[in-house]
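Participant: There's a structure below that I have some questions on.
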Amino acid sequence: MAIIRQRYQEQLDDLIKELRRLGANVYVSIENGIKSLSIDDRGFARQTVKNDIYQSIKL
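Under UniProt numbering, think of the first position of the sequence shown as 1, with each following residue one higher.
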């Protein structure tokens with residue numbers, strides 16, 4: 001594993017940066033979508049997103 005890390009460290013770092021950037025974009029998009037909902041629906045939407053994220057992590 002250490003040899004792979006040494007050989008591909010720069011590419012791995014770039015990939016991690018890109019994944020973080022994409023994650024931030026997804027977060028902003030979700031937040032903007034939730035803001036457009038009624039106050040009553042916001043709690044349900046946040047819980048749904050939380051559950052979806054939890055389920056995807058378990059995979």
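Note that the Cβ used here is the ideal one computed from N, Cα and C, for glycine as well.
Would you say residue 34 and residue 42 are within 7 Å of each other, going by their C-beta atoms?
Facilitator: Taking 7 Å as the Cβ cut-off, residue 34 and residue 42 qualify as a contacting pair.
Participant: Rounding to the nearest angstrom, what Cα-Cα distance links residue 44 and residue 52 in this structure?
Facilitator: Cα to Cα, the separation comes out at about 12 Å.
Participant: Let's see if you can read the secondary structure: which residues bound the alpha helix (DSSP H) around residue 37?
Facilitator: First-last for residue 37: undefined, no H or E at that position.
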